[in-house]
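Trainee: Residue numbers for the sequence shown follow the working numbering, so the first one is -18 and each next one is one higher. Positions of the beta carbon are idealized from the N, C-alpha and C atoms, including for glycine. Remember, it's a predicted structure, so these values are computed and weren't measured experimentally. Quick one: the structure is below, questions incoming.
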Amino acid sequence: MPILAAILFLFALILLWLARQRQKAIGLPAGRIIYTDTRKWAPLEEPLYDPDLGLTGRPDYLVEDKGNVIPVEVKSARISAAPYDAHIYQLAAYCRLVQRHFGKRPHYGILHYANRTFAIDYTPQLEKALLELLDEVRIQDKRRETARSHDSAARCSRCGYRAICDQRLM
Ligand code: SF4
């Protein structure tokens, strides 16, 4: 449970950090502008949880579309062009959680900004990118857990792990 809590705590921050570093070249969907009836959006009371990934999250709303449950994430900011990568990843995580909870894969999710609303296709490529990102989050989390706790080069010089340790002091 502490590991899960750490992952959840770090998820948003690291997600933002990593997303900024990733290139558009990995093929995140740009999203298409849509018009949607916000009166049909239903708020979600409880967070969704995927025990396989140790992932939890609560989309702002869910909306039903032709028998599919679609997650909606609302951002108060205005957007000039395409959605931010970090927001796409966040929405992809919600798509994953919706699939796990309702047993049916949403074909897309909705990102609603103050001035525009985008439909983001939940493609296999986006899901793969999400899973890779989550792996990176766990690696970063692990690195934080195992951060060097001293400044002694002498101690590193005697350490049996120095050959493979990326934090060794020479
Ligand atoms: S080499 Fe790495 S593991 Fe070994 S003492 Fe130094 S920091 Fe710690």
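Where do the N-terminal and C-terminal ends of the alpha helix (DSSP H) with Leu78 fall, by residue?
Mentor: Reading the sequence shown from its first residue, position 97 is the one you call residue 78. Here the alpha helix (DSSP H) through Leu78 covers Asp66 to Phe83.
Trainee: By the three-class DSSP mapping on this structure, what secondary structure does Ala128 have?
Mentor: Stepping through the sequence shown from its first residue, residue 128 is reached at position 147. Of the three classes helix, strand and coil, the one that applies to Ala128 here is coil, per DSSP.
Trainee: Taking Ala134 as part of the alpha helix (DSSP H), name the residues at either end of that continuous run.
Mentor: Against the sequence shown, residue 134 aligns to sequence position 153. Run containing Ala134: Ala134 to Ser138, per the alpha helix (DSSP H) assignment.
Trainee: Taking buried to mean at least 16 other C-beta atoms within 10 Å of its own C-beta, is Cys76 buried or exposed?
Mentor: The residue you call residue 76 lines up with position 95 of the sequence shown. Looking at its Cβ environment, which holds 16 or more other Cβ atoms inside 10 Å, Cys76 is buried.
Trainee: Give me the residue from Gln71, Tyr70, Lys47 and Leu29 with the minimum Cα distance to Gln80.
Mentor: Position 99 of the sequence shown, counting from 1, holds the residue named residue 80. With distances taken between Cα atoms, Gln80 lies closest to Leu29.
Trainee: Could you name each continuous beta strand (DSSP E) segment of 3 residues or more that falls completely within the segment 32 to 56, going from the start of the chain to the end?
Mentor: Listed in chain order, the complete beta strand (DSSP E) runs (minimum 3 residues) inside the segment 32 to 56 are 36 to 38, 42 to 46 and 49 to 55.
Trainee: Could you check how far apart the C-beta atoms of Leu92 and His68 are, in whole angstroms? I think they sit under 8 Å.
Mentor: Taking the first residue of the sequence shown as 1, we reach residue 92 at position 111. Taking the first residue of the sequence shown as 1, we reach residue 68 at position 87. Contact holds; Cβ gap of about 6 Å.
Trainee: Quick one: is Leu106 buried, meaning 16 or more other Cβ sit within 10 Å of its Cβ, or exposed?
Mentor: For the purposes of this step, residue 106 is taken as the residue at position 125 of the sequence shown. A small fix is needed here, since residue 106 is Gln in this sequence, not Leu. Classification of Gln106: exposed, given that the 10 Å Cβ count is below 16.
Trainee: Please name the residue in Ile60, Glu45 and Leu111 whose C-alpha comes closest to that of Phe83.
Mentor: Taking the sequence shown and counting its residues from 1, one reaches residue 83 at position 102. Ranking Ile60, Glu45 and Leu111 by Cα distance to Phe83 puts Glu45 first.
Trainee: Rounded to whole angstroms, what's the CA-CA distance from Gly141 to Asp122? Just pull it up for me.
Mentor: Working through the sequence shown from its first residue, we reach residue 141 at position 160. Working through the sequence shown from its first residue, we reach residue 122 at position 141. Taking the straight line from one Cα to the other gives about 23 Å.
Trainee: Would you say Arg125 touches the ligand SF4, meaning its beta carbon is less than 7 Å from a heavy atom?
Mentor: Along the sequence shown, one-based indexing puts residue 125 at 144. No, the ligand SF4 has no heavy atom inside 7 Å of this Cβ.
Trainee: In terms of residue numbering, what span does the beta strand (DSSP E) encompassing Leu25 cover?
Mentor: Stepping through the sequence shown from its first residue, residue 25 is reached at position 44. From DSSP, Leu25 is part of no beta strand (DSSP E); its letter is neither H nor E.
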